[in-house]
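Counting in this note's numbering, the sequence shown runs from 53 upward without gaps. C-beta: ideal position from N, C-alpha, C; glycine also.
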Amino acid sequence: MDKRPLTDDARDSESWALAPPHNKNVQGLVVSGFAKQPSARALFLEFNFDKDHKGCGWLKALTSIAPITDADGPDPRCAALGFTWSGLSKMGLDAHSLDSFDRPFKEGMFQEDRLRRLGDRRGNTWSKTVIDGGPQWSGNTPLDAAAHDTTARPFHTTTDAHTNVAITTEITVHALLLLYADNETDVDEWTSQVTQCLAPYRVTVVRKLPLTRTRPSDGIEREHFGFADGISQPIPFEKDVVTLSQTLAQRHNSVHLVPLGEILMGHPNGHGELATGPVVPGKSANVSGCDPETLRPHPRGEGFLDFGFNGSYMVVRELKQDVAQFWNSMDECADALNKSVNAGTPPVNADWVASRVMGRDRNGHLLCPGGVLPADTSGRPDNAFRFFDRDKMGYGCPLGSHVRRGNPRDGLAPSAKDKDLLLSAANHHRILRRGRKYGPEVTDPRCADPGDRGLLFICLNTDIGRQFEFIQQTWILNPNFAVLHNETDPLLGPCGAFTIPDAHLRKIIQVKSYVQMVGGEYFFLPSIAALRYLETL
C-alpha cells in the first residue's frame, strides 16, 4: 500500500539533511526512516502516575538508556518519542499550553466528527474498515479523568448545541516510543531494559508491536501484499536550513519539493506562513535559537517559549492487512473480467487486477497506457512523473487507484493551463511517511493463517486537518473523486465498485475490505529542546 515508510540505502545517500543547529534539535525520525536498522519495536506507553507525582522522572531515566536520536547522522541504535494530548496533560503541561495545540490534536483521532471524516465510524457504527468490536487503543483524550487540568478538556464547553459522544478504547496510550536496532536480539534486549527502567516511574508498556524491514534477494522492500514500498515522499526545502543533493533537487524538481514548514513547526509552509505550534510560558536567553538543548523565545509571543519549534504532529494508525482476502479477491475479480470480455481479448490475472488497484506493478513502476513507466537513470522506479500529460484518462494508472488517490499530482487539472496550479495545490497536502510493517512474512498469500500482520502507519505533518485528514477525506475516501461516482480507495476503503478505465469499454470490479484499523491517535513529536523542557516538569 502507498504508505511509503522507508528508503533504500542508495536513496538515503541522495536524501535531504538539516543544517546546524537544527540537526541537533530535530528528532532523527524526521529526516530518516532508520532504514539501516532493520529491527524495531513500537512501545505504546501509559502513564499511571497521578497528579501528585511529577511526570519528568521517567523521561530523565529514559534518556540514560534510550536517548532520543537527533538528526545529526546515523547511530547504531535509534529512538523516537511522541506524546498524545492526554499524555502531555499527565506530564503536567499547564492549561494554556495544552490549549495552544491545534484542534485536531486536542480533540484526538477518536472525536466523533474526526472518526467520520476518516471513514472509521458513522453514528454508533464502526466501519468494516475497523476491526470487529472496534479499535483496541487510542489516547482516550475525551475521558482521561486523571489529567492535571480539567479546565483544558477538549470538550469542556456549555455552549455547544451538540453533545459530543465520548468514544473510548480499552487501552489508553499516552506516548509512543520507537526503538530501532541492527537485529532482533539487540532490539529485544533493549526493549526489556527500557521496560524495566520505566516500571519504577509507573510508566507501563501497554502494547508492543515488532516492526520489521526485510529485503528479498531482488533488493526490493515490499509490504505484506507483495508490492514495492518506499517510493514516493515529499522533499522539504528551506534556504540555509535544508541541504539537498544536486541530483535529488534536479530529478524531482517541483513534483515533490515542499517547504519545510509542511513537516516542521516554526518554518514557512506552503502558504508562506510560519507553521504554528504550541507555546509554554517562560523566558529564554536562546534568542538566536543556536542552542539545540534550550527552547527559543516565541518570535510572536512575548513571555512565551516556542515549544513547537522543530517539532511535528505524528499521525499513527495500526492497519491490519488481510493478505489472503486480498489475493483471493483479486483472483475472483480476474475471473469475472475474463468471463465478461469479448472473444479474442487477452485474459487477465490477479496480478493484473492488483496492479490496477495499487496503480503500480509489484516492483513499484507506475502503470502507463501500454505498459509501465521505465526506470530512471539509476535503475529505480521513476517517481518524478505527472499524470495530466502522461495518462489523463487513467488508461494506465486508473483514476481511482490507491497511488493516484494518495497523491493526484496534476491529474485533477481540468485543462492543460491548470496543470502547474493543481500540482502546487496537491503539494499543499503532502505528508512525510515514516511507518513500517509488522508481523510475520507471508508464506502463502492465498492461504489464511493466524499470523497478525499489517502496517504501523506513521506520518509527519504540521497541519493535521489540511494534510492527513484532507488526504483521507477528500482523496482516499471521496466517492466522487475525479470523475468517479460512488467509489472509494480500492485498497483502504470499504467494499464497493472500482473502475478500470479503458479506451473502448471501462471495466468495473467489486473489491472487498482488505485493511482494518486496529487503533490510532494523533501524537506530538517534540524537538530535542522540547523534550528537555518536559524533563523539568
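- Counting only runs that start and end inside the region 469-557, the alpha helix (DSSP H) elements of at least 4 residues fall at 471-478.
- Taking residue 585 as reference, the option from 236, 168, 349, 366 with the minimal CA-CA separation is 349.
- Rounded to whole angstroms, residue 527 and residue 113 show a C-alpha spacing of 43 Å.
- Looking at the backbone, the Cα of residue 165 and that of residue 152 are separated by about 21 Å.
- Counting C-beta pairs with one atom in each stretch, the region 533-545 and the region 135-146 have fewer than three that are closer than 8 Å, which means they do not touch.
- Contiguous beta strand (DSSP E) elements confined to the region 328-416 occur at 364-373, taking only those with 3 or more residues.
- From the listed residues 222, 309, 496, 262, the smallest Cα separation to residue 91 is found for 262.
- When the alpha-carbon of residue 345 is set against those of 358, 352, 353, the nearest one is in 358.
- Within the DSSP secondary-structure output, residue 320 pairs in a beta bridge with 326.
- Considering only 461, 481, 186, 486, the residue with the shortest C-alpha distance to residue 474 is 461.
- If you look at residue 245, you'll find it isn't in any beta strand (DSSP E); it sits in the alpha helix (DSSP H) that goes 236-250.
- By the CB criterion at 8 Å, residue 417 and residue 427 fall inside the cutoff.
- A Cβ-Cβ separation of about 5 Å places residue 436 in contact with residue 307 under the 8 Å criterion.
- Taking a 10 Å sphere around the C-beta of residue 275, we find 16 or more other C-beta atoms and assign the residue as buried.
- Residue 369 has its alpha-carbon roughly 5 Å from the corresponding atom of residue 509.
- Linking residue 129 to residue 576 through their CA atoms gives a straight-line distance of about 22 Å.
- Annotation: residue 92 is outside any alpha helix (DSSP H); the continuous beta strand (DSSP E) that includes it extends over 91-99.
- Three or more Cβ pairs drawn from the region 116-129 and the region 215-233 lie within less than 8 Å of each other, which places the two stretches in contact.
- DSSP places residue 157 within a helical segment (H, G or I) once states are collapsed to three.
- For the options 479, 498, 339, the alpha carbon positioned closest to that of residue 289 is the one of 479.
- Fewer than three beta-carbon pairs drawn from the region 179-190 and the region 240-253 are found closer than 8 Å, and the two stretches are therefore not classed as touching.
- Annotation for residue 111: the continuous alpha helix (DSSP H) segment containing it runs 108-117.
- With 16 or more other Cβ atoms from the protein chains shown falling within 10 Å of its own Cβ, residue 513 counts as buried.
- Within a 10 Å sphere around the beta-carbon of residue 319 sit 16 or more other beta-carbons, which makes this residue buried.
- In the assembly as shown, residue 531 is an exposed residue. Its beta-carbon has fewer than 16 other beta-carbons within 10 Å.
- In this structure residue 379 is in contact with residue 497, their Cβ atoms being roughly 5 Å apart against a cut-off of 8 Å.
- The beta carbon of residue 465 lies closer than 6 Å to those of 440, 471, 474 in the same chain, with the five residues before and after it left out.
- Annotated three-state conformation of residue 76 is helix, per DSSP.
- Within 10 angstroms of the beta-carbon of residue 283 lie 16 or more other beta-carbons, which makes it buried.
- By the Cβ rule, the region 555-572 counts as touching the region 169-186, because three or more pairs are nearer than 8 Å.
- Each residue's CA atom was taken as its position, placing residue 150 and residue 253 some 23 Å apart.
- Boundaries for residue 142: no beta strand (DSSP E) harbours it, while the alpha helix (DSSP H) harbouring it runs 137-143, taken from the DSSP string.
- Of the candidates 327, 367, 310, 367 places its Cα closest to the Cα of residue 156.
- Residue 583 carries a helical assignment under DSSP once its states are collapsed to helix, strand and coil.
- Here residue 313 has 290, 319, 320, 321, 322, 325, 326, 327, 514 as same chain residues with Cβ atoms under 8 Å from its own Cβ, once five neighbours each way along the sequence are excluded.
- The DSSP-derived three-state label of residue 440 is helix.
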